[in-house]
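Report on the structure given below.
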Amino acid sequence: MGRENNVLHRRSDYLKIIAMVTMAMDHIAFYFLPYSSTSYIIMRMIGRIAFPIFAYFIAMGYKDTSDLNRYILRMGIFALAAQIPFYFFVHKVFYLNVMFTFTLALIMLKLFDKKNYLWFALIFLADFLKMDYGAYGLIIILIFHVFSEEKIKIYVYLLILTFVYSSLNVMQYGAFSIRLYTQVLCVMALPLIYRDFPALRINKYISYLFYPVHIGIIVLIGNLIR
1 MGRENNVLHR
11 RSDYLKIIAM
21 VTMAMDHIAF
31 YFLPYSSTSY
41 IIMRMIGRIA
51 FPIFAYFIAM
61 GYKDTSDLNR
71 YILRMGIFAL
81 AAQIPFYFFV
91 HKVFYLNVMF
101 TFTLALIMLK
111 LFDKKNYLWF
121 ALIFLADFLK
131 MDYGAYGLII
141 ILIFHVFSEE
151 KIKIYVYLLI
161 LTFVYSSLNV
171 MQYGAFSIRL
181 YTQVLCVMAL
191 PLIYRDFPAL
201 RINKYISYLF
211 YPVHIGIIVL
221 IGNLIR
């Protein structure tokens with residue numbers, strides 16, 4: 001058991017860095033680059049790796065935590081702190097950052113395991129409250145929770161979910177969106193998630209702080225150069 005926990009920590013620490021770097025690339029492209037540019041498309045394609053990795057962390061963190069309520073509270077506090085720079089990043093008042101999505105996901109998993117069917121309502125709530133990744137994000141986290149190490153099922157369900165999500169996106173906007181082609185690349189995260197990396201340890205709060213801090217830096221640089 002101790003060896004398995006050690007492997008999980010090694011995997012997680014490398015994955016945290018990969019997730020943070022690819023997320024930063026995605027956000028830099030979103031904020032600075034022209035929508036139709038090649039650089040924008042490539043960086044956002046690479047950025048598709050980030051969310052499934054973070055979703056995996058949430059599902060595994062839920063299983064491993066010794067105090068779920070404290071975990072939920074901590075995620076919620078960071079979500080509130082991140083909302084200020086996030087507003088200046090997206091310029092939308094009624095649009096909540098992804099840490100709210102993660103907070104709601106933890107509550108959803110708790111209800112799911114207790115067989116309280118209110119968990120299903122939370123999936124719709126994520127879209128109603130306009131959380132980043134919304135229902136799509138919550139379902140990805142649920143897939144990791146339910147199927148855990150069943151890699152083939154995770155691949156299949158993630159592909160199906162992403163195809164449905166992308167198709168709905170196309171229907172909503174009445175035209176083919178770049179998301180139809182890029183979001184499916186989120187499956188590239190799965191070989192990384194299930195790979196064992198060499199040992200590397202970082203403070204657990206770095207990934208919490210990185211989200212609001214890097215968004216704040218992007219916004220600050222944007223204001224300085226524009």
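Okay, so the sequence shown: first residue is 1 according to my numbering, each after it adds one.
Even for Gly, the Cβ is constructed at its ideal location relative to N, Cα and C.
It should be emphasised that the depicted structure is a prediction, and the values quoted were computed from it without experimental measurement.
Through-space distance from residue j to residue i, alpha-carbon basis
i: Y56; j: A82; result: 21 Å
i: R44; j: H27; result: 8 Å
i: D132; j: N97; result: 5 Å
i: G137; j: V187; result: 14 Å
i: Y87; j: I215; result: 10 Å
i: P198; j: I42; result: 28 Å
i: L209; j: I217; result: 12 Å
i: L142; j: D67; result: 19 Å
Simplified DSSP state of residue i, which is helix, strand or coil
i: M20; result: helix
i: Y87; result: helix
i: Y205; result: helix
i: L159; result: helix
i: L96; result: strand
Distance CB(residue i)-CB(residue j) smaller than 7 Å
i: F102; j: I72; result: no
i: A29; j: A50; result: no
i: A79; j: M108; result: no
i: L15; j: I53; result: yes
i: F89; j: V219; result: yes
i: I123; j: A135; result: yes
i: L158; j: A126; result: no
i: I46; j: T65; result: no
Chain-order list of residues whose beta-carbon lies under 6 Å from that of residue i (same chain, five-residue window excluded)
i: F94; result: K130
i: D113; result: none
Near the ligand COA: residue i beta-carbon under 6 Å from a heavy atom
i: A55; result: Absent from the structure shown: the ligand COA. Ligands present: none.
Neighbourhood of residue i by C-beta distance below 8 Å, restricted to the same chain and skipping five residues each side
i: L190; result: P52, K151, I154, Y155 and L158
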